[in-house]
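Report on the following structure.
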DNA sequence: CGGTACGTTGAATCCGATCAAAGCGTGTGG
DNA sequence: CCACACGCTTTGATCGGATTCAACGTACCG
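Residue numbers (my numbering), protein chains in the order written: chain P, 455 to 693; chain R, 455 to 693.
So, in structure tokens, the structure goes:
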């Protein structure tokens, strides 16, 4: 958090709130809220397993305990868009309709808390604390989704990947190896690019000495300043 | 609403919930909620006037009574992204942080209800009904923001403009003249395109007889089926 | 009526997509 | 345990849609 701020000057207003203290608190608070916890069951998802499917009746919301989940949507002609990568503490399955807004799949073995939707709604309607916590959690997702608009609409391939990597900076100590469990295709579909462009851009960053690649799924962010410089004024993606 | 559905088969799951009955109800209900109305004042904004500025302390939320508002963000190098166009009944100014997440400007003379943020928060914390209504309103914004991800990440210029136009289909009777108060630059920045590409794509649609242009700011949607066909499986933008 | 901001159209350019093929690694079955 | 096979990644060559640069047209407002 602190290390992130020092690399992104003068653009605090566009930093997604997943990085903002108030939201971290809200996340933690949701996790601890007893009224919500009481209706939860624990489930496990193997790597590649589908947790819920776009358009199906939204029977439950989920909170990730451990692992990593990909949420995506696919057009009839096969074009795919990865809406988000979710990590421990993140929620998904909220919708204002009664259908899931995206398909969620585990990309690593994942443990989740499952909150039946009807009961969750009931708790929220009755319990002021729970309602307000949900309200803030959705607000966080909203801000993140909005931040991605600028990235997809106006940033170059290099800027997008830089923003993506910087979004993970808070997850690993400076210079530590950063695991990227998703494939290049996932990253491409997340950033609105092709596999090849993602791969080429990784290669460029490595050639410049900004990152080190250990295999295809572990990255070391060597020069955060340069990466941040690329996405300066831009949107680091919380992840 | 009904006319829209019949043009977009088999993709109900990705239709933004601004079009879904439940959300329309929620919108209306928010409008009528007395606890929220009591803390509101009415303000007027002239064409081009800034209502709130990205990054400023979020002192209030606004609900549009009449007119049209553009919400945008601008990078330090001048690249702009139009986050949304807002119409009567729409809210903006919600943030999970204490700063506005985007600059709101009136693109027509606009009348708004202004809800001081502290009081709004106070009402929400205290009043279950208000909290739940806000929760759903934010959820609607969330879904809309997400729907735009697919558009920006994966649709072609023609598909984007078609989706944009279809988003307005519900606003005018079939074959009726549709006013587009925003400029080509606004549309371009909304769809992640340039002015020129927007203009050229309008011209293409007109050449094909899909639309009629009356001046630059009034469109008649002649062949909704073709337009919908272009964005089939895609995301009609609620507006 | 004149100026200015907005819109259209044309030509050239470029970034990322597409097509193609060659590494790499991992996991499984022989 | 090794070998093979399949899926993922990288790299190369070419293509194409959207951008950029440029000029002209148009409409609205003072």
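Even glycine gets a Cβ: it sits at the ideal position worked out from N, Cα and C.
{"Check": "Residue-level contact to chain P via CB, residue 595 of chain R, 7 angstroms cutoff", "Outcome": "yes"}
{"Check": "For residue 577 of chain R, three-class secondary structure by DSSP", "Outcome": "helix"}
{"Check": "Residues from the segment 509-541 of chain R in contact with chain P, defined by Cβ distance under 8 angstroms", "Outcome": "509, 527, 529, 530, 531, 533, 534, 535, 537"}
{"Check": "Stretch-stretch touch, CB-based, cutoff 8 angstroms, three pairs: the segment 644-660 of chain R with the segment 582-589 of chain R", "Outcome": "no"}
{"Check": "Spatial distance of residue 593 of chain R from residue 518 of chain R (CA atoms)", "Outcome": "18 angstroms"}
{"Check": "Candidates R/516, R/609, R/681, R/555, of which the one nearest residue 533 of chain P by Cα", "Outcome": "R/609"}
{"Check": "Closest by C-alpha distance to residue 493 of chain P, when choosing among P/574, P/503, P/552, P/640", "Outcome": "P/574"}
{"Check": "Under 7 angstroms between C-beta atoms of residue 571 of chain P and residue 512 of chain P", "Outcome": "yes"}
{"Check": "As assigned by DSSP and simplified to three states, the class of residue 612 of chain R", "Outcome": "helix"}
{"Check": "Nearest candidate by alpha-carbon position, reference residue 550 of chain R, set R/514, R/621, R/536", "Outcome": "R/514"}
{"Check": "Assigned exposure category for residue 673 of chain R - 16 Cβ within 10 Å defines buried", "Outcome": "buried"}
{"Check": "Within chain R, partners of residue 667 of chain P - CB distance below 8 angstroms", "Outcome": "The contacting residues do not exist; residue 667 of chain P stays about 24 angstroms from chain R at best."}
{"Check": "Environment of residue 576 of chain P [buried if 16+ CB atoms lie within 10 Å]", "Outcome": "exposed"}
{"Check": "Buried versus exposed, by CB contacts within 10 Å (16 or more), residue 678 of chain P", "Outcome": "buried"}
{"Check": "Helix, strand or coil at residue 511 of chain R [DSSP, three-state]", "Outcome": "strand"}
{"Check": "Anticipated Cβ contact below 8 angstroms, residue 675 of chain P with residue 639 of chain P, distance rounded", "Outcome": "Actually they are not in contact, since the Cβ atoms of residue 675 of chain P and residue 639 of chain P sit about 22 angstroms apart, beyond 8 angstroms."}
{"Check": "Buried or exposed (CB count within 10 angstroms, at least 16 for buried), residue 603 of chain P", "Outcome": "buried"}
{"Check": "Minimum C-alpha distance to residue 544 of chain R - residue among R/618, R/607, R/591", "Outcome": "R/591"}
{"Check": "Residues of the segment 584-609 of chain P with Cβ closer than 7 angstroms to any Cβ of chain R, in chain order", "Outcome": "585, 586, 588, 589, 590, 592, 593, 594, 595, 596, 597, 599, 600, 602, 603, 604, 606, 607, 608"}
{"Check": "Three-state secondary structure (DSSP) of residue 522 of chain R", "Outcome": "coil"}
{"Check": "Distance between residue 664 of chain R and residue 682 of chain P (C-alpha atoms, nearest Å)", "Outcome": "44 angstroms"}
{"Check": "Close beta carbons around residue 625 of chain R, own chain, < 7 angstroms, minus the five adjacent residues each side", "Outcome": "632"}
{"Check": "One or two residues paired with residue 498 of chain R in a DSSP bridge", "Outcome": "R/565"}
{"Check": "Span of the beta strand (DSSP E) around residue 536 of chain P", "Outcome": "534-540"}
{"Check": "Closest Cα partner of residue 635 of chain P within the set P/662, P/522, P/614", "Outcome": "P/522"}
{"Check": "Nearest candidate by alpha-carbon position, reference residue 669 of chain R, set R/656, R/680, R/662", "Outcome": "R/656"}
{"Check": "Cβ of residue 550 of chain P within 7 angstroms of any chain R Cβ", "Outcome": "yes"}
{"Check": "Residue 684 of chain P at chain R interface by Cβ criterion, 7 angstroms", "Outcome": "no"}
{"Check": "Top-ranked residue by Cα proximity to residue 555 of chain R, from R/499, R/547, R/581", "Outcome": "R/547"}
{"Check": "Through-space distance from residue 553 of chain R to residue 561 of chain R, alpha-carbon basis", "Outcome": "22 angstroms"}
{"Check": "Cβ-based neighbour list, residue 611 of chain R, same chain, cut-off 7 angstroms, excluding 5 preceding and 5 following", "Outcome": "647, 651, 655"}
{"Check": "Given residue 614 of chain R as reference, the closest of R/559, R/684, R/661, R/558 once Cα atoms are compared", "Outcome": "R/684"}
{"Check": "Partner residues on chain R for residue 578 of chain P, Cβ-Cβ distance less than 8 angstroms", "Outcome": "586, 589"}
{"Check": "Cβ-based burial, residue 671 of chain P [other Cβ within 10 Å; buried from 16]", "Outcome": "exposed"}
{"Check": "Minimum Cβ-Cβ distance from residue 646 of chain P to chain R less than 7 angstroms", "Outcome": "yes"}
{"Check": "Test: residue 677 of chain P CB closer than 7 angstroms to a CB of chain R", "Outcome": "no"}
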